[in-house]
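Residue numbers (my numbering), protein chains in the order written: chain Y, 1 to 320; chain F, 1001 to 1424.
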C-alpha cells in the first residue's frame, strides 16, 4: 500500500467504488478489529458520541444485528428503524424520511432498501454518511467484504484463487458485490446456475459463466452458494426446488470436484437441502459461521473508516 | 386592410415545394401570400438574415397532462413550451385523467387550446379508458377534433382488439399510433437490458419487448391494409423490421425521439431518474441505427414524447420513478446537431419535424406555399445557449439535458400569422 494512502469514502454504496487499495485497507482494518469481539469486555471507545441509525426497509435479522453489534462494540449509540416501502406510495417518501432523520443529526445511516440506488438517493439529501446494507439487486458491499475477509483468512490471499458462485445470480446483490470484489482482487470467478438465474451481460463484470455446476466447481478454492428464494418457482425461473436441488444443489459429491482444501460459503440464511446439503453446510469445509463472525469486524471497520477513521494508519484496534 | 408581416432575407426551406433559397415571405390574415402581391404601408418587417424560415414544426407526440394532472403541465404551459421550442402544433396523447376516450374530453382539450401558443391536435384512445378491452368512440372523437388514436403508455395487449381498432379506425380515416411494448417481457423493467442494468441492479427491458410488438403491428397492417404509425422507436431491431416492411409496401410510418439519437443507456448511471423513459435509452448501436434510419427514410418523423413530471414522480427511488422526460424545448436544438454532424440535411430536418407529421396526421401545415396557413418557425442555426430547466416554459423540469450547451434554436414561432414566441 502506498504510504500516503488515505481512505476517502464518506459513503459506501458498493464494492464498485472501492479500489484494490481501499479493499485491502478495509480488510486490514477489520482484521485489527476482530480481536475486540473476543475480549471479556467487548467494547472500545472509538466511536463514543457517534449516532448510528439502522434504517431498514426490508426485513433483516443478521445484517441489522451485525451492524448494531459492530456499532455498539465501538461505543456508538445505535437506533433501529424498520420501515415499510409500501408506505412510500401513500405516505412519506424516502427523501422526506431522510430529511427528518437528518434533522436529528446522526453520523451514519445504514440503509437496506428494496430499490437499487436508494443509498445514493439518500446520500444526496443528507449530510450523514450512508452505508449500503443491501439495495435491490444492486450491491451488498459489507457482505462482499466479509466474504473476502473470510477467504483471506483461509487462503492467505485472493489473487489467483478460483471462486465458484452457484445459484440465483440475477436476483443477488451479494453475487454482484462478490463478483466485482473478488475479480478486482485478482481471483477467477466462475458462475453456475440455470440460465434463468443469469443476468444479462454478467460476463462483462469479469466473471466466467460456466455451462455446468461441475465445470464451475472443478478445482475451485472457494465454493459459494446463494440462497434460492422460494418464490422463484412461481416466476417460472425454475420448475421446482426439487429439480433445482438435484441439478444445482451443492452436495458432498459435487464438492469432490473442488480442491482438497476448498471452503464452502453461503451468505445465509440457508435453505437446507435446497441449494446446500446439510452435510456440506455443517461439514469440515464450511466456513459459513466464520463469515458471520467476520461480518461484525468488517462492519466495525466500515463505520470507523467512513467516520474519518485512521487516515491511513492501522486503526485504533490492536493488530494481531 | 389588414397588416402584412414580411419575413425578410431568411433562408426559406420547404421540401414540399423543393425550395431552399434566400427570399422574403409575406403573411397576411393568417395566410402566406405572394410577396409584393399587394400594396400597403401597414407592414411589420422582420429581418431574418442568417435565419432559416421553415414551415411550422409539428410535434406529433406530446403529453399535455390536462385534464387531470395540471400540476405536471397544462395545455397553456405545454403550448408555451412548444412555441419556445419552435413548434406551431402538437398532438396531445390521451393518457389524461379522465382518459381522452370520448368526444367530450376531446372537445374540452380543443376548447382549452384556443388562443394558446400552439395548435393542439388531440389524439384519442384506442380503447375505452385505454384499458385494452373495448373500442372507444372514434367517430365521436374525430367529430370533436381528434386526429389519431393511441393507447400510448398502455400498449394494446390483445391482438384481436388491435386488428379491430385498425379496421374500425380506417372506416373513419383515422390513424392508429402504436406504443409497441410486449408487457410480459418489459414487466418490472426500468432501463435497457444489458451490462449497465446488471451493474446497477436494475431490472432490464430487452429490445425484443419493443420489436416483437413492432412486428405484430406490421403484420396487422398487412392483414388489414390499414395505416399504422409506430411511436417512439428506440431499437435497431425495430428499425430493421420497419425498413423491410416499408420495402414490401406496408402502410407503416414511424417516429423516434431526440433522446434516442442523442443519449444511450449510460445516461442512467448514478440512478438519474431524468434519464428514465419507456422505451428506455438503448445501446450505442441502437443510437447509431436510429440516426441512420432518420437519414434513409425508415423513420419518418422526430417527435418528442414530451412527458412532463413533477419531482413527486422523479425524486424517488429509480425503480419507482415515473417514465418520461420533458422534450419540447430541446428537440429542435438536438435535431439541428444532426444537421451539423451531416447525419441529415436541412431539408430532411424540415421533412422529419414538419412535413411528415402534417402528412401522417392529416393536419394543415408542413409547407410554405402561397395560400398555405401561416404556421412558420424561424430558426437561428448558429445561436448558442445553455438549456436550463429552471428557465423552461414547461412545468416539467425533468430533462436530462439541463445545463447542456446547445447550438441553434427557434427565434420566432408563428401560428396562423400570430407570433407565439420571439427571441430575437
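Idealized CB from N, CA, C, for every residue including glycine. All figures in this text were calculated on a predicted structure; none of them were measured in a lab.
| query | result |
| --- | --- |
| Taking a contact to mean a Cβ-Cβ separation below 7 Å, would you say residue 1040 of chain F touches residue 1004 of chain F in this structure? | yes |
| Residue 1057 of chain F and residue 1078 of chain F: beta carbons closer than 7 Å? | no |
| Using a C-beta cutoff of 7 Å, does residue 1201 of chain F count as contacting chain Y? | yes |
| So which of F:1093, F:1333, F:1082, F:1297 has the shortest CA-CA distance to residue 1421 of chain F? | F:1082 |
| By DSSP's criteria, residue 1124 of chain F is part of a beta bridge. Which residues make up the other side? | F:1149 |
| Does the beta carbon of residue 1319 of chain F sit closer than 7 Å to a beta carbon anywhere in chain Y? | yes |
| For residue 278 of chain Y, name the three-state secondary structure that DSSP assigns. | helix |
| For a quick check, are the C-beta atoms of residue 308 of chain Y and residue 225 of chain Y less than 7 Å apart? | no |
| At a threshold of 6 Å, does residue 1308 of chain F count as lining the ligand SAH (C-beta to nearest heavy atom)? | Among the ligands in the structure shown, none appear at all, so the ligand SAH cannot be discussed. |
| Which residues in chain Y sit within 8 Å of residue 1207 of chain F, going by Cβ to Cβ distance? | Within 8 Å Cβ-Cβ: nothing; residue 1207 of chain F doesn't reach chain Y, min ~11 Å. |
| Buried or exposed: residue 45 of chain Y, going by 16 or more other Cβ atoms within 10 Å of its Cβ? | exposed |
| Please list the residues of the segment 1256-1272 of chain F that have a C-beta atom closer than 9 Å to any C-beta atom in chain Y, keeping them in chain order. | 1270, 1271 |
| Does any residue of chain Y have a CB that is nearer than 7 Å to the CB of residue 980 of chain F? | Only positions 1001 to 1424 of chain F appear in this structure, which leaves residue 980 of chain F out of reach. |
| Once the 5 residues before and after residue 1342 of chain F are set aside, which same chain residues still bring their CB inside 7 Å of it? | none |
| Which of the three DSSP states is assigned to residue 135 of chain Y in this structure? | strand |
| Could you have a look at residue 1331 of chain F and say whether DSSP puts it in helix, strand or coil? | helix |
| Report the partner residues of residue 1204 of chain F according to the DSSP bridge assignment. | F:1191 |
| Is DSSP giving residue 1162 of chain F helix, strand or coil here? | helix |
| Going by C-alpha distance, which of Y:81, Y:38, Y:70, Y:114 is nearest residue 1320 of chain F? | Y:114 |
| Chain F partners of residue 199 of chain Y, CB-CB under 7 Å? | 1198 |
| Using a cut-off of 9 Å between C-beta atoms, extract the partners of residue 261 of chain Y located in chain F. | What residue 261 of chain Y touches in chain F: nothing, since even the nearest Cβ is about 32 Å away. |
| Note down, in chain order, every chain A residue with its Cβ under 7 Å from the Cβ of residue 1195 of chain F. | Although the question refers to chain A, the structure presented lacks it and instead comprises the protein chains Y and F. |
| For chain F, find out if any of its Cβ atoms is closer than 7 Å to the Cβ of residue 319 of chain Y; answer yes or no. | With a pLDDT of 37 at residue 319 of chain Y, under the threshold of 50, the modelled position of that residue is not reliable, and the figure given next carries that caveat. No, because no Cβ of chain F sits closer than 7 Å to the Cβ of residue 319 of chain Y. |
| Within the continuous alpha helix (DSSP H) that includes residue 289 of chain Y, where are the two ends? | 288-306 |
| At which residues does the alpha helix (DSSP H) containing residue 1258 of chain F begin and terminate? | 1258-1262 |
| Taking CB distances under 7 Å as the criterion, tell me whether residue 281 of chain Y reaches chain F. | no |
| Quick check: what's the CA-CA separation for residue 1227 of chain F versus residue 119 of chain Y? | 47 Å |
| Run through chain F and tell me which residues come within less than 7 Å of residue 138 of chain Y, C-beta to C-beta. | 1200, 1201 |
| Would DSSP call residue 1368 of chain F helix, strand or coil? | coil |
| What are the boundary residues of the alpha helix (DSSP H) that includes residue 1087 of chain F? | First-last for residue 1087 of chain F: 1087-1092, but that is the beta strand (DSSP E), not the alpha helix (DSSP H). |
| Could you tell me the boundaries of the beta strand (DSSP E) in which residue 1232 of chain F lies? | Run containing residue 1232 of chain F: none; DSSP gives neither H nor E here. |
| What residues from chain Y crowd round residue 1315 of chain F, counting only those whose CB sits closer than 7 Å? | 95 |
| Between which two residues does the beta strand (DSSP E) holding residue 1426 of chain F run? | Past the boundaries of the shown model lies residue 1426 of chain F; chain F is included only from 1001 to 1424, so the question cannot be answered. |
| Work out the CA separation of residue 140 of chain Y and residue 295 of chain Y for me, nearest whole Å. | 12 Å |
| Just to check my reading of the structure: residue 112 of chain Y and residue 138 of chain Y have Cβ atoms closer than 8 Å, yes? What is that Cβ distance to the nearest angstrom? | Incorrect: roughly 12 Å between the Cβ atoms, too far for contact. |
| Taking 7 Å as the CB-CB cut-off, is residue 70 of chain Y touching chain F? | no |
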